[in-house]
Amino acid sequence: MRLRFHPNRKGGVQLFGPLETEIMRQVWQHEQVTVRQVHRALSRQREIAYTTVMTTMSRLAEKGILKRTRQGMAYLYRAAMSRAEFDRMVVNAVLSGLMETFDQAAIDSFLEYLARERPEQLELLRKSLASKTV
């Protein structure tokens with residue numbers, strides 16, 4: 032899966048809609064799920080049709096976000112990557128988009144943010160950079 036972040040485009044990096052987000056939470060929480068299992072979990076929170084969940088999960092599989100294997104009459108779904116891997120991919124896409132669009136301003140803003148809001152992270156960054164040889 033390849034993501035692009037476009038800071039000037041409306042919606043920038045919205046990857047999942049509300050239902051897709053709920054489905055992915057279930058998949059990451061349980062590792063392998065059927066549509067029926069996800070539907071049951073979501074039905075506890077709100078009224079939702081089984082076919083809506085099935086269609087959405089099928090589309091997530093077509094996009095490469097979920098993988099599925101047939102198990103009897105149903106499909107067994109699992110995430111194509113872990114939540115941590117997915118988060119890292121999203122962050123990389125955002126950073127890449129920011130650097131392509133804003134270059135030095137993105138770096139300056141990031142450093143200013145760390146100094147103001149997260150000084151401990153700025154210190155970790157300093158140490159990490161000092162240990163790297165260019």
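Heads up: the sequence shown begins at 32 in my numbering, then just goes up one per residue. Yeah, the Cβ is synthetic: ideal placement off N, Cα and C, and Gly gets one too.
Check, Outcome
"DSSP three-state assignment for Q68, whether helix, strand or coil", "helix"
"E93 versus L50 - alpha carbon distance", "16 Å"
"Same chain, Cβ closer than 6 Å to H70, neighbours up to 5 away in sequence not counted", "Y81, V84"
"Range covered by the beta strand (DSSP E) that runs through Q102", "97-102"
"Exposure label - Y108; buried when at least 16 CB within 10 Å", "buried"
"Whole-angstrom distance between L145 and G128, CA atom to CA atom", "19 Å"
"Three-state secondary structure (DSSP) of L160", "helix"
"Separation of L97 from V64, as counted between CA atoms", "11 Å"
"Coarse secondary structure for L46, derived from DSSP in three states", "coil"
"Burial state of L142 (16 or more Cβ within 10 Å)", "exposed"
"Sequence-distant residues of its chain with Cβ nearer than 6 Å to Q152 (five each side left out)", "L145"
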